[in-house]
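Structure first, then comments.
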Amino acid sequence: MTLTPESAALLLPEGTRLVHIGPPKTGTTTLQSAFHAARTAIAAEGVRYGGNARQPVKPVLAVTGRPAPLSGVPPPITTWQRLVREVDRAREPRAVISSEFFADAQPEAIQTIVRDLGGVRVHIAITLRPLARILPSQWQQYVQSGMRASYDTWLDEMFNKPNTKLVPTFWQRHRHDRLVARWAEVVGPQNVTVVVLDEGDHAMVLRTFETLLGLSTGILVADEDLENRSMTFAEAEVVRAFNIAFREEGLGTPLH
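The opening position of the sequence shown corresponds to residue 228 in our numbering, with each subsequent residue numbered one higher.
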């Protein structure tokens with residue numbers, strides 16, 4: 228790629244392990260599907276995309292101590308250790324790992340992640356968008372996962388009941404100032420890049436990551452078939468009504 232002064236300033240040095248931590252609803256699906264589809268092409272340009280799926284869910288849940296959706300317990304830590312070994316053995320001079328579940332990491336887990344991936348070699352990327360756009364999309368995602376609370380009820384819980392158990396991880400992920408600070412405290416602010424999404428240019432996030440990794444412009448392509456479209460309010464209300472009826476029948480979460 229031809230470097231401009233602006234792109235040269237963003238380019239990460241060889242040996243970097245770029246860890247994209249989300250959080251959810253900030254273009255993560257678009258970015259991860261683009262990296263996954265371009266594995267062979269980006270490897271030829273010196274970048275390894277960690278894991279063998281669109282994102283390494285089980286390894287990240289394991290290292291952050293978060294329960295897997297169906298089992299209710301964290302995956303074995305060996306899944307994380309295998310991912311670390313893959314990155315360590317990679318021949319490509321740069322590596323990237325992307326998962327929004329990194330945003331759930333507590334300080335101790337952050338230290339483990341950074342240490343295991345090489346300490347000073349780690350650079351953190353955080354994608355952000357305005358909270359006003361995240362709120363309805365995140366509520367809909369929770370409804371898809373079985374939540375029965377209305378949007379108004381959920382907003383009241385989130386903003387007026389700080390100790391709510393309705394969605395205890397929401398502000399862990401979406402107090403973005405604190406999210407950035409937690410990771411910067413471990414890796415140093417000079418090793419954190421925050422990418423604010425441009426709602427008028429959906430490809431901007433792809434171009435930015437290409438620049439960070441020294442990739443050819445356009446090598447990352449959004450997969451329109453995998454776009455994580457938000458439901459309409461009417462669609463979300465239909466799903467919420469189903470959730471209420473489902474729970475009233477006494478059916479279990481795995482079946483949902």
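For each residue, glycine too, the CB sits at the ideal point set by N, CA and C.
Rounded to a whole number of angstroms, what is the C-alpha to C-alpha distance between residue i and residue j?
i, j, result
"L358", "K252", "10 Å"
"R348", "W366", "36 Å"
"R405", "T396", "13 Å"
"R467", "R266", "38 Å"
"N390", "R400", "15 Å"
"H350", "V414", "7 Å"
"E412", "T435", "24 Å"
"P302", "L440", "30 Å"
"T438", "H403", "23 Å"
"A352", "I248", "6 Å"
"S298", "K285", "12 Å"
"H263", "R281", "5 Å"
"A289", "T256", "20 Å"
"I361", "A268", "32 Å"
Can the beta-carbon of residue i be found less than 8 Å from the beta-carbon of residue j?
i, j, result
"D331", "T291", "yes"
"L393", "A408", "no"
"A261", "L442", "no"
What residue range does the alpha helix (DSSP H) around residue i cover?
i, result
"T484", "For residue 484 there is no data in the structure shown, the boundaries of the chain being 228 and 483."
"T306", "I304 to R316"
Which stretch, first to last residue, makes up the beta strand (DSSP E) that contains residue i?
i, result
"L245", "R244 to H247"
"R275", "V274 to Y276"
"I324", "R321 to S325"
* Do three or more CB pairs link the stretch 229 to 249 to the stretch 315 to 323 at distances below 8 Å? -> yes
* Pair every Cβ in the stretch 423 to 432 with every Cβ in the stretch 352 to 369, then say whether three or more of these pairs are closer than 8 Å. => yes
* Could you pull out every unbroken beta strand (DSSP E) segment of at least 3 residues lying fully inside the stretch 343 to 410, listed in chain order? => 349 to 355
* To do: Give a yes or no on contact between the stretch 305 to 317 and the stretch 265 to 285, applying the rule of three or more CB pairs nearer than 8 Å.
  => yes
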